[in-house]
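To keep things clear, I will list the structure first and then write my remarks on it.
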Ligand SMILES: C[S@@+](CC[C@H](N)C(=O)[O-])C[C@H]1O[C@@H](n2cnc3c(N)ncnc32)[C@H](O)[C@@H]1O
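Numbering (the working numbering), first residue to last: 3 to 296.
Structure below.
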């Protein structure tokens, strides 16, 4: 798959409909706890892949600078409204499969609720590995096909696909669940060492969420998160992986996603690649590396 399809969030009200008004306080708060447990105390440059409207970005405040990256420009505009324009945040519209950064640039990266849109997950993870420096910390969330609900549904004959096999399952177009063992294998093969695994959303059930106060569910979820070290049966899994090997960055920041040249020349409203002549738009504080300007 040379150009895997992108799940478009352009114009989407995802942040409002799914998070702000979608009754997902429990999920949001359990993610905040997991991130606190997995993030290093601080760092220099963080890459947030598929940042959406920047819901999680303030949680990375320990990093000096954060690249807020998403394929959707409208999601980045919402993130800008939330986070503001400052030297701390660099807003980049780009495809995870074609990252516009020089190798080994980042000492931190996160990818939360994004892998589940990846039709070619190993390809996306390879891109992430390439831009991580030695010992860079990568926090990855993935949707788990081996979750208790899927297992029960399979055993009761209500679901055709097996949660026990390693291949991803596409349950809705461009929405995939992954087997934890497959994700571990991909990360390990790419040279990441998995340091910690947390399981989240043990109580993601409408009835429980309706009748039990969110704080209580969050408290018990935070206790159970640690069991991720032994088994993973929840719909959402977080891993902290550290890049082994690699070489320190040779300098530079952006590279042309078309030809790989890192000597991009800054003009007014664009970056120009001397290698292939592509021009990449820079407008209203957003670097756009999705398609070259005409
Ligand atoms: C479910 S949202 C998650 C947003 C955010 N991480 C959060 O948890 O609130 C998925 C995000 O991934 C982005 N995305 C999907 N495919 C992408 C790709 N190939 N490259 C960059 N971003 C992508 C979408 O635009 C969307 O904003």
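For glycine and all other residues, C-beta sits at the position ideal for the given N, C-alpha and C.
The alpha-carbon of residue 152 is positioned some 16 Å away from that of residue 201. Under the three-state reduction of DSSP output, residue 179 falls in the strand class. Between the C-alpha atoms of residue 103 and residue 216 there is a straight-line separation of about 40 Å. For residue 143, the enclosing beta strand (DSSP E) begins and ends at 134 to 145.
Taking non-hydrogen atoms of ligand 1 into account, the C-beta of residue 5 is found less than 7 Å away from none of them. Taking 3 residues as the shortest admissible run, the stretch 205 to 273 contains the following complete beta strand (DSSP E) segments, listed from N- to C-terminal end: 238 to 245, 267 to 269. For residue 176, the closest C-alpha among the options 121, 205, 36, 209 is that of 121.
Contact annotation: residue 273 and residue 255 have beta-carbon atoms that are not nearer than 8 Å. Using a Cβ-Cβ distance cut-off of 8 Å, the stretch 51 to 63 and the stretch 75 to 87 are in contact, since at least three pairs of beta carbons, one from each stretch, lie closer than that value. When the Cα atoms are used, residue 96 and residue 275 turn out to be separated by approximately 16 Å. Nearest neighbour of residue 234 by Cα position, chosen from 210, 149, 277, 169, turns out to be 149.
Boundaries of the beta strand (DSSP E) harbouring residue 66: 65 to 72, taken from the DSSP string. Taking a contact as a CB-CB distance under 8 Å, the pair residue 68 and residue 48 counts as one, their CB atoms being some 5 Å apart. The alpha carbon of residue 243 has as its nearest neighbour, out of 66, 139, 277, the alpha carbon of 139.
A contact between stretches requires three or more CB pairs, one per stretch, nearer than 8 Å, and the stretch 131 to 146 meets this requirement with the stretch 109 to 116. A straight line joining the alpha-carbon of residue 88 with that of residue 248 spans about 31 Å.
The beta carbon of residue 84 sits no closer than 7 Å to any heavy atom of ligand 1. Assignment of residue 103 by DSSP, reduced to helix, strand and coil, places it in the strand class. Taking 7 Å as the cut-off, one finds at least one heavy atom of ligand 1 near enough to the beta carbon of residue 97. Beta-bridge analysis with DSSP links residue 29 to no other residue. Residue pairing by DSSP places residue 49 opposite 69, 111 in a beta bridge.
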